Amino acid sequence: MSGIISQNVGRTSGLVKAVAAGGGVWTLIKTLTASADSDLSFVDGTDDVVLDSTYPIYVFKFINIHPESVYVFTFQGSTDTGSSYGVEATTTFFKSQQTEAGASAGVSYDTSMDQEQSTAFIYSGRPLAADNDASISGTLTIFNPSSTTFVKHYMYSNQIMGTYCQNAFGAGYFNTTSAIDAFQFKMQTDNIDAGKIKLYGIGDS
Amino acid sequence: MSGIIAQNSGRHGGLIKASSGGGGVWNLIQTLTSDGSDASLSFTSGIDSTYDEYVFVFNNIHPETNDTQLTFQVNADGESGFNETITSNFFDAYHNESDANEALRYIASFDQAEGTGYQNLGVLGDDAGNDLCGDGYLHLFSPSSTTFVKHFISRFQSGENLYAKDQHCGGYINTTAAITEIDFKMSADEIQGGSISMYGIT
Numbered sequence: 166m167s168g169i170i171s172q173n174v175g176r177t178s179g180l181v182k183a184v185a186a187g188g189g190v191w192t193l194i195k196t197l198t199a200s201a202d203s204d205l206s207f208v209d210g211t212d213d214v215v216l217d218s219t220y221p222i223y224v225f226k227f228i229n230i231h232p233e234s235v236y237v238f239t240f241q242g243s244t245d246t247g248s249s250y251g252v253e254a255t256t257t258f259f260k261s262q263q264t265e266a267g268a269s270a271g272v273s274y275d276t277s278m279d280q281e282q283s284t285a286f287i288y289s290g291r292p293l294a295a296d297n298d299a300s301i302s303g304t305l306t307i308f309n310p311s312s313t314t315f316v317k318h319y320m321y322s323n324q325i326m327g328t329y330c331q332n333a334f335g336a337g338y339f340n341t342t343s344a345i346d347a348f349q350f351k352m353q354t355d356n357i358d359a360g361k362i363k364l365y366g367i368g369d370s
Numbered sequence: 002m003s004g005i006i007a008q009n010s011g012r013h014g015g016l017i018k019a020s021s022g023g024g025g026v027w028n029l030i031q032t033l034t035s036d037g038s039d040a041s042l043s044f045t046s047g048i049d050s051t052y053d054e055y056v057f058v059f060n061n062i063h064p065e066t067n068d069t070q071l072t073f074q075v076n077a078d079g080e081s082g083f084n085e086t087i088t089s090n091f092f093d094a095y096h097n098e099s100d101a102n103e104a105l106r107y108i109a110s111f112d113q114a115e116g117t118g119y120q121n122l123g124v125l126g127d128d129a130g131n132d133l134c135g136d137g138y139l140h141l142f143s144p145s146s147t148t149f150v151k152h153f154i155s156r157f158q159s160g161e162n163l164y165a166k167d168q169h170c171g172g173y174i175n176t177t178a179a180i181t182e183i184d185f186k187m188s189a190d191e192i193q194g195g196s197i198s199m200y201g202i203t
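Line order of the protein sequences matches chains A and B.
Using this note's numbering, the letters of the first sequence correspond one by one to residues 166 to 370.
Using this note's numbering, the letters of the second sequence correspond one by one to residues 2 to 203.
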């Protein structure tokens with residue numbers, strides 16, 4: 166390492182030295198903040214959103230998504246830049262959970278949360294509580310959404326305050342060889358009252 | 002974004018704007034891309050004490066043969082061959098496209114108990130449409146330690162025979178020697194597409 170500015174990990178502003186291998190950092194693309202929104206959508210080419218072949222991997226971070234009502238937080242993709250959302254998907258789902266009273270503890274597959282070749286919005290976990298301090302936080306990773314050769318794999322891990330304290334694990338694939346260029350997030354019913362969704366791109370070159 | 006220098010992901014030198022998130026940077030060390038007929042993909046440099054955690058990201062790994070597993074093994078400093086001792090656990094959640102079958106299960110045939118074989122990360126499919134692949138990641142913690150065993154955690158999502166499979170593996174390489182090399186290959190036949198990127202986590 167040389168020069169007057171070192172790698173400077175931890176700096177949040179100013180200039181730092183580029184890493185020797187080039188990119189690969191998590192690049193924050195867009196943050197959407199909810200305020201009684203029926204949905205939050207990330208569309209390639211709109212409002213500075215990049216969701217194309219620029220990155221092989223995209224990561225959405227959910228930060229304290231708070232619902233208007235007791236429903237499931239959901240997501241879907243689009244192959245027509247957000248004109249419609251409903252790409253055929255097959256998903257697995259399992260969860261570890263217990264109640265605040267210490268009941269119903271365990272880990273298990275949940276058939277009510279998965280889907281098979283369905284175009285419905287994908288469940289991110291069991292319903293959220295609507296208490297003022299309740300929310301969902303977690304991560305959704307999408308691999309190579311711009312591929313026109315392969316199906317599009319995704320995986321998520323979310324922590325939910327609902328009827329249960331639930332750690333939800335879902336994964337699957339959008340069964341299409343068309344590029345996915347938009348994602349939409351919404352509650353099963355009613356609004357997202359608060360919270361943030363952050364979109365990152367992860368480079369490999 | 003403002004100012005004269007943008008975020009500039011992908012720059013190999015010079016100055017870039019600091020990440021708004023500060024530290025915790027993923028530093029790309031190397032990407033290996035399959036040429037379409039690889040017996041294995043090996044990282045033989047870049048694994049050292051620079052980082053406490055290394056992450057290998059699998060992007061659209063495509064196998065030559067249906068129902069084969071992506072696997073890995075490591076080589077310790079001063080030794081030869083990918084044959085270190087591993088104890089591991091393995092489970093998956095699976096779901097059929099026709100909703101005919103789904104479950105969470107432990108797969109004893111994919112784990113190891115002080116074995117020196119290649120560790121399974123997940124099974125892959127290769128259907129007639131040639132649109133199947135596998136994606137995921139493997140975390141390797143503190144490979145340069147000469148005090149502790151080396152823990153790893155993986156998650157691998159694939160499509161195989163009309164199933165979505167969310168596959169999880171964890172374990173440790175039971176050696177106090179530093180790990181300096183890692184090798185990925187299919188349980189049989191070739192890797193015929195995709196890439197593996199190695200990142201160091203600051």
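Ideal Cβ positions, reconstructed from N, Cα and C, are used throughout, including at glycine.
None of the values given here were measured: they were computed from a predicted structure.
- Task: Could you tell me whether the Cβ of A/Ala201 comes closer than 8 Å to any Cβ of chain B?
- Result: no
- Task: Quick one: which residues of the stretch 159-193 of chain B get their C-beta closer than 9 Å to a C-beta of chain A? List them in chain order.
- Result: Ser159, Gly160, Leu163, Tyr164, Ala165, Lys166, Asp167, Gln168 and His169
- Item | Option nearest B/Glu85 by Cα separation, candidates B/Gln120, B/Ala109, B/Thr51 and B/Asp100 | B/Gln120
- Query: Quick one: what's B/Arg106 bridged to in DSSP?
  - Reply: B/Asp93
- Below 8 Å between beta carbons: does that hold for B/His96 and B/Tyr164? yes
- Item | Three-way DSSP call (helix, strand, coil) for B/Phe111 in this model | helix
- Task: Work out the CA separation of A/Gln353 and A/Val237 for me, nearest whole Å.
- Result: 5 Å
- Query: Any residues in the stretch 204-217 of chain A with a beta carbon nearer than 9 Å to a beta carbon of chain B? Which ones, in chain order?
  - Reply: Asp213
- Query: When we look at the beta-carbon of B/Asn61 and count the other beta-carbons within 10 Å, is it buried (16 or more) or exposed?
  - Reply: buried
- Whose C-alpha, out of A/Thr219, A/Thr211 and A/Ala299, is nearest the C-alpha of A/Ser370? A/Thr219
- Item | Alpha-carbon to alpha-carbon, A/Thr313 and A/Ala268 | 46 Å
- Are three or more beta carbon pairs between the stretch 324-333 of chain A and the stretch 199-209 of chain A nearer than 8 Å? no
- Query: Opposite A/Thr192 in the DSSP bridges: which residues?
  - Reply: A/Gly366
- Query: For the stretch 107-114 of chain B against the stretch 130-147 of chain B, are there 3 or more C-beta pairs whose distance is under 8 Å?
  - Reply: no
- Message: Just to make sure I have the definition right: I need the residues of chain B whose C-beta is within less than 8 Å of the C-beta of A/Tyr338. Which are they?
- Response: Gln158, Gly160 and Ala165
- Report, in whole angstroms, the separation of the C-beta atoms of A/Lys351 and A/Thr196, which I expect to be a contact under 8 Å. About 17 Å separates the two Cβ atoms, so there is no contact after all.
- Quick one: does A/Val237 have its CB under 8 Å from some CB of chain B? no
- Query: Comparing the C-beta of A/Leu364 with each C-beta of chain B, is any distance below 8 Å?
  - Reply: no
- Item | Residue of A/Val224, A/Gly271 and A/Thr257 minimising C-alpha distance to A/Gln391 | Here chain A comprises residues numbered 166 to 370, so residue 391 of chain A is not present and cannot be evaluated.
- Between the stretch 322-334 of chain A and chain B, which residues of the former have CB atoms less than 8 Å from a CB of the latter, in chain order? Phe334
- Item | B/Phe149 - DSSP class collapsed to helix/strand/coil | coil
- Report the rounded CA-to-CA distance for A/Phe399 versus A/Pro221, giving the unit in angstroms. Outside the shown range of chain A, which is 166 to 370, sits residue 399 of chain A, and nothing can be said about it.
- Identity of the residue in A/Ser273, A/Glu281 and A/Phe315 nearest B/Asn102 by Cα: A/Glu281
- Message: 8 Å is my cut-off, CB to CB: does A/Val367 come that close to chain B?
- Response: Note on identity: in this sequence residue 367 of chain A is Ile, with Val being the wrong assignment. Yes - at least one Cβ of chain B is within 8 Å of the one on A/Ile367.
- Within the same chain, show all residues whose beta-carbon is closer than 7 Å to that of B/Ala189, passing over the 5 residues directly before and after it, in chain order. Thr66 and Thr69
- Taking Cβ to Cβ, would you say B/Phe149 is nearer than 8 Å to B/Thr117? no
- Item | Residue-level contact to chain B via CB, A/Ser312, 8 Å cutoff | yes
- Item | Status (buried if at least 16 other CB within 10 Å, exposed otherwise) for B/Gly79 | exposed
- Measure the CB-CB distance between B/Asn76 and B/Gly201 and report whether it falls below 8 Å. no
- Query: Does A/Asp279 come within less than 8 Å of chain B when only Cβ atoms are used?
  - Reply: yes
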